[in-house]
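Novice: Under full-length UniProt numbering, the residue at position 203 of the first sequence is numbered 203, and the numbers go up by one with no gaps.
From the three backbone atoms N, C-alpha and C, an ideal C-beta is built for every residue, glycine too.
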Amino acid sequence: MPQENGLLEMEGSVENIVYHNDSNQYTVLEVDCGEELITVVGTFPYVSVGERLHLYGTWTSHATFGQQFRAQAFERSRPADTAAMLKYLSSGAVKGIGGALAGRIIEAFGDESIKVIEEDPARLATVKGITLKKAKEISEEMQRVNGIRDLMAFLGSFGVRPEDTVKVWKVYGQDSVACIQEDPYRLCSDKIGISFAVADQLAESLEYDRDNKERVKAGVLYVLRHNLNNGHTCLPADKLCAAAAKLLGVPPESAQEALLELCQTFEAVNENFNGRDFVFLPKQHRSEVYCADRIHMMLRYPPESITGIDREIAEIERTKGIEYAELQKDAIRAALEKGLLILTGGPGTGKTTTLNAIIRILMEKGETVFLAAPTGRAAKRMSELTGVEAKTIHRMLQVDWDDNDDPVFQINERNPLECDAVVIDELSMVDAYVFESVLRALPIGCRLILVGDSDQLPSVGPGNVIGDLIASKVFPTVQLKEIFRQSMESLIVMNAHKIVEGEMPELSVRSNDFFFMPREDVRSVSETVQSLVVTRLPKSYGYSPVTDIQVLCPGRKGELGTVELNRKLREQINPPAKNKPQVTVNGTVFREGDKVMQIKNDYNLPWSREDGTVGEGVYNGDMGIIIDVDKDAGCLRVEIDDKEVLYDFEHAAAELELAYAVTVHKSQGNEFTAVVMPMFPGAPQLSYRNLLYTGITRAKKLLILVGKRSVVADMVANDKKTRRFSGLQHFLLEKPEEDGPEQNEEAEA
DNA sequence: GTTAGTTG
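This is how it looks when you write it as structure tokens:
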């Protein structure tokens, strides 16, 4: 490796195309570099044998295929001499030309051959065996091949990656270069999605004007798109224009003007909520409007009401030996009578037992009930707690992925779910698009029961679904408050409540479950966290550093991130030893005794239990311990709960991570006996209330915060993450269009 | 400038 982050350069000619995927242009090549034959992988549209490539990339090692050169960029030259041309044309690179024909063409036109094929089909047709029609076809194909090549050269020089160039070609084809030169900001469109900065740089080199309308419009759209990443489905017009003006270096009035034009061409949508203008991208607007309309329709034509269920509730209380609180009974009644319900509440408020009663009564009434959750692990947990099979929402709706890797659901309004009721758990993780997809998949008259805790981490994708639904007060909602699982004397529970209310948690009171250890600098925070886990807690409480204690961090990076803490904790908790086998796969060390987390859903991985039962499936967020590293067999044995799972090394590297310390995000859905959290200024966008709350509520018996009081205060004060700009609440509060739903039904018939 | 979900 010559320098860090630096790309290596290679040059050679393509010997063989080992694999080529036509939909994404992923290609595996054998390239002759003079002294040796190397394997090259990367995105290569229209690569052909005989071509000379200049490659930029890095060496990687693949578990089965060994050393590979991963090309991140490349340049290629057209074959220059007749020998290279013959090799190139014979390779089948140009459809319609085979080996024999290639020979005759070269014979006829020499080193002008390629030029003739591309530009002069009439002359090409003079070669024996080529009709004029065929010559034209060949010529077109040649133009295509050369066109994308020229495009790659053109865009590549501005740092556009080959895979993005392919997208440009898909949209503009032959006219790509001209279209991009005309308006470089077309690169920022939805379908292509190259960053504004790259397009702007390209525009600058084309001497585009700073105040150019297209540039300003692109800047405005960019700000909207960029803010999807921050969870906003829309932005107040004034904020949007100010941000765009700053980005572009133009006066806000120019941005406003551009925005007006965008709204006229429906590239953006303006809505006025309570006297303030909000701007949406069309897709987000459609999505939230659809959700509100569909909910209005469900409220107007509600599912069939099931009444008189007090007897059933009493029966469940008797057989299960539980007693429901009034609020829980309210929830059960609402779900069955109205058919629509949001059930919210923090951990331990009894959501699950309430849900169980609802599901049980529905099934007793002969209804088909589908259960789903946004993550694999939440779905698995839901199955375990209810005894009914639950799937991820994506699986329930039979997801497919399009060319841009965006989800497309097979189950939708034309092909709805076949059931009477749908229950979605962990609604806080559901974003606007997934929620829209669920609504589209519901058959007419289907019940919809939504369960979640709005104080947990917000969804990854844009939207504030659970918050908007509750705040609108349109959707029947029951908020469970009473604490069942933990006693009210617990400071963990009390402080969690305070944090939700935006109050500073009690840090100085002596309690037996919640501690704050003030530390002023990074090093002492890190060292305290380590000593707590490695020696102090095991000593005073008898807790195991592997199975009982969990370190939770806001982020992965830095001295107090999971990566660094994992490294330090592992070397103390589970140091290397002679009798302890370990293996290094792609740079990561797996050692017997290590605590690991599964980071992908893998539905087919088999497991077995000690009692002989077997099954398959491990889920993102599952945690376990490596109990054996078998180098001869090339596999790891991992104990996850009461199951034993076998990973081959390749699988392990792709799906397992060290888990002495994990991010709060990854800990969602898990609970631990003891939790230790570093509290130190880091990325400000990870310093917010719900993250602190989620981390703290993972602890069952003991919670220790280590670090700065001011950081705790900042996190409590910062509820920005939950205050997302979105339209669902407003659309729900608008009066539904009188004949909206009927029109939809007619259109479908 | 950070985190993170969904599939075969």
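I need the DSSP call for F69, collapsed to helix, strand or coil.
Specialist: The residue you call residue 69 lines up with position 69 of the first sequence. Three-state result, F69: strand.
Novice: Straight-line CA distance for L29 to R149?
Specialist: Here residue 29 refers to the residue found at position 29 of the first sequence. Here residue 149 refers to the residue found at position 149 of the first sequence. Straight-line Cα distance between these residues: approximately 17 angstroms.
Novice: Less than 7 angstroms between the beta carbons of N574 and D594, yes or no?
Specialist: If you number the first sequence from 1, residue 574 lands on position 574. If you number the first sequence from 1, residue 594 lands on position 594. In this structure, D594 lies closer than 7 angstroms to N574 by Cβ.
Novice: From M85 to S139, what distance separates their C-alpha atoms?
Specialist: For the purposes of this step, residue 85 is identified with residue 85 of the first sequence, where counting begins at 1. For the purposes of this step, residue 139 is identified with residue 139 of the first sequence, where counting begins at 1. In a straight line, the C-alpha of M85 is about 15 angstroms away from that of S139.
Novice: Secondary structure at E734, three-state DSSP: helix, strand or coil?
Specialist: By one-based count along the first sequence, residue 734 stands at place 734. Coil.
Novice: Per DSSP, which residues does W169 bridge with? Please list them.
Specialist: Locating residue 169 in the first sequence gives position 169, where the first residue counts as 1. Partner(s): none; W169 has no beta bridge.
Novice: Suppose you measure from the CA of V451 to the CA of S287; what does that come to, to the nearest Å?
Specialist: As a position in the first sequence, residue 451 is number 451, starting the count at 1. As a position in the first sequence, residue 287 is number 287, starting the count at 1. One C-alpha to the other measures close to 21 angstroms.
Novice: Threshold first: 3 residues or longer. Then list the beta strand (DSSP E) segments lying entirely within the stretch 351 to 434, N to C.
Specialist: 369 to 373, 390 to 392, 399 to 401, 407 to 409, 421 to 424
Novice: Kindly list the residues whose CB is nearer than 6 angstroms to the CB of residue 757, restricted to its own chain and excluding five residues on each side of it in sequence; keep chain order.
Specialist: For the chain, the structure presents residues 1 to 749; residue 757 sits outside this window and is missing.
Novice: Using the three-state DSSP reduction, which class does V160 fall into: helix, strand or coil?
Specialist: If you number the first sequence from 1, residue 160 lands on position 160. In this structure, V160 counts as coil in the three-state DSSP scheme.
Novice: Would you say M142 and E118 are within 7 angstroms of each other, going by their C-beta atoms?
Specialist: On the first sequence, residue 142 is found 142 positions in, with the first residue counted as 1. On the first sequence, residue 118 is found 118 positions in, with the first residue counted as 1. It is a contact, given that the beta carbons lie within the stated cut-off.
Novice: Rounded to the nearest angstrom, what separates D120 and N415 at their Cα positions?
Specialist: Counting from one through the first sequence, the residue named residue 120 turns up at place 120. Counting from one through the first sequence, the residue named residue 415 turns up at place 415. Rounded to whole angstroms, D120 to N415 spans 51 angstroms at the Cα level.
Novice: Round the Cβ separation of V551 and V529 to the nearest angstrom and send it over; I've been treating them as touching at under 8 angstroms.
Specialist: Against the first sequence, residue 551 aligns to sequence position 551. Against the first sequence, residue 529 aligns to sequence position 529. Contact flag correct, Cβ pair sits at about 6 angstroms.
Novice: So what does I449 bridge to, in DSSP terms?
Specialist: Counting from 1 along the first sequence, the entry for residue 449 is found at position 449. In DSSP, I449 forms a bridge with L341, V423.
Novice: In the DSSP assignment, what are the bridge partners of F516?
Specialist: Mapped onto the first sequence, residue 516 falls at position 516. DSSP output for F516 lists L705 as bridge partner(s).
Novice: Could you please give the first and the last residue of the uninterrupted beta strand (DSSP E) stretch that includes K595?
Specialist: As a working note, residue 595 is residue 595 in the first sequence. Counting along the chain, the beta strand (DSSP E) containing K595 begins and ends at 595 to 598.
Novice: Quick check on F266: buried or exposed, where buried means 16 or more other Cβ atoms within 10 Å of its Cβ?
Specialist: Sequence index remark: in the first sequence, residue 266 carries index 266 (1-based). Per the 10 Å Cβ criterion, exposed.
Novice: Out of curiosity, what's the CA-to-CA distance linking R318 and Y324?
Specialist: The residue given as residue 318 occupies position 318 in the first sequence. The residue given as residue 324 occupies position 324 in the first sequence. Going from the Cα of R318 to the Cα of Y324 covers about 11 angstroms.
Novice: The alpha helix (DSSP H) that contains Q181, what's its start and end?
Specialist: What you label residue 181 is simply residue 181 of the first sequence in a count that begins at 1. 176 to 182 is the extent of the alpha helix (DSSP H) around Q181.
Novice: Taking DSSP as the reference, what is the three-state secondary structure of T613?
Specialist: As a first step, residue 613 must be located in the first sequence, where it is residue number 613. When secondary structure is reduced to three states using DSSP, T613 falls in the coil class, being assigned neither helix nor strand.
Novice: Can you tell me the Cα-Cα spacing of R556 and E564, whole angstroms?
Specialist: Along the first sequence, read from residue 1 onward, the residue named residue 556 stands at position 556. Along the first sequence, read from residue 1 onward, the residue named residue 564 stands at position 564. Cα to Cα, R556 sits roughly 8 angstroms from E564.
Novice: Just to confirm the assignment, what range does the alpha helix (DSSP H) spanning E317 have?
Specialist: The residue given as residue 317 occupies position 317 in the first sequence. Its alpha helix (DSSP H) spans residues 310 to 320.
Novice: List, from N- to C-terminal side, the alpha helix (DSSP H) runs of 4 residues or more that fit wholly inside the stretch 90 to 163.
Specialist: 99 to 109, 113 to 119, 121 to 124, 132 to 156
Novice: What's the gap between the Cα of G624 and the Cα of E671?
Specialist: Within the first sequence, the letter at position 624 stands for residue 624. Within the first sequence, the letter at position 671 stands for residue 671. If you draw a straight line from the Cα of G624 to the Cα of E671, it is about 14 angstroms long.
Novice: Specify the secondary structure class of G740 as computed by DSSP and reduced to three states.
Specialist: Start at 1 with the first residue of the first sequence, and residue 740 comes out as number 740. At G740 the pLDDT is 44, less than 50, meaning the model places this residue with poor confidence; the figure from the coordinates comes in the next sentence. Correct three-state label for G740: helix.
Novice: In angstroms with no decimal places, state the Cα-to-Cα distance between V662 and G682.
Specialist: For the purposes of this step, residue 662 is identified with residue 662 of the first sequence, where counting begins at 1. For the purposes of this step, residue 682 is identified with residue 682 of the first sequence, where counting begins at 1. So the alpha carbons of these two residues sit roughly 16 angstroms apart.
Novice: Using the DSSP secondary-structure output, state which residues sit across from Q582 in a beta bridge.
Specialist: The residue given as residue 582 occupies position 582 in the first sequence. DSSP, once it has assigned bridges, lists R591 as partnering Q582.
Novice: Quick test of the definition: if touching needs 3 or more C-beta pairs under 8 angstroms, does the stretch 410 to 427 touch the stretch 356 to 373?
Specialist: yes
Novice: Going by other Cβ atoms of all chains shown within 10 Å of its Cβ, with 16 needed for buried, is N227 buried or exposed?
Specialist: In the first sequence, the residue the question calls residue 227 occupies position 227. Label assigned to N227: buried.
Novice: In or out: D468 buried (at least 16 other Cβ within 10 Å) or exposed?
Specialist: Numbered from 1 along the first sequence, position 468 holds the residue referred to as residue 468. Classification of D468: buried, given that the 10 Å Cβ count is 16 or more.
Novice: Three or more beta-carbon pairs under 8 angstroms between the stretch 234 to 243 and the stretch 200 to 215, yes or no?
Specialist: no
Novice: Using C-beta distances below 8 angstroms, list every residue in its chain close to C263, excluding the 5 sequence neighbours before and after it, in chain order.
Specialist: Working through the first sequence from its first residue, we reach residue 263 at position 263. V269, N270, V279, listed in sequence order.
Novice: Strictly by DSSP, which residues pair up with C553?
Specialist: Position 553 of the first sequence holds residue 553. Partner(s): T663.
Novice: Taking 8 angstroms as the cut-off, does the stretch 688 to 705 touch the stretch 509 to 522 (at least 3 CB pairs, one atom from each stretch)?
Specialist: yes
Novice: Since V41 is in the alpha helix (DSSP H), which residue starts that stretch and which ends it?
Specialist: Counted from its first residue, the first sequence places residue 41 at position 41. Segment 37 to 43 is the beta strand (DSSP E) holding V41; no alpha helix (DSSP H) there.
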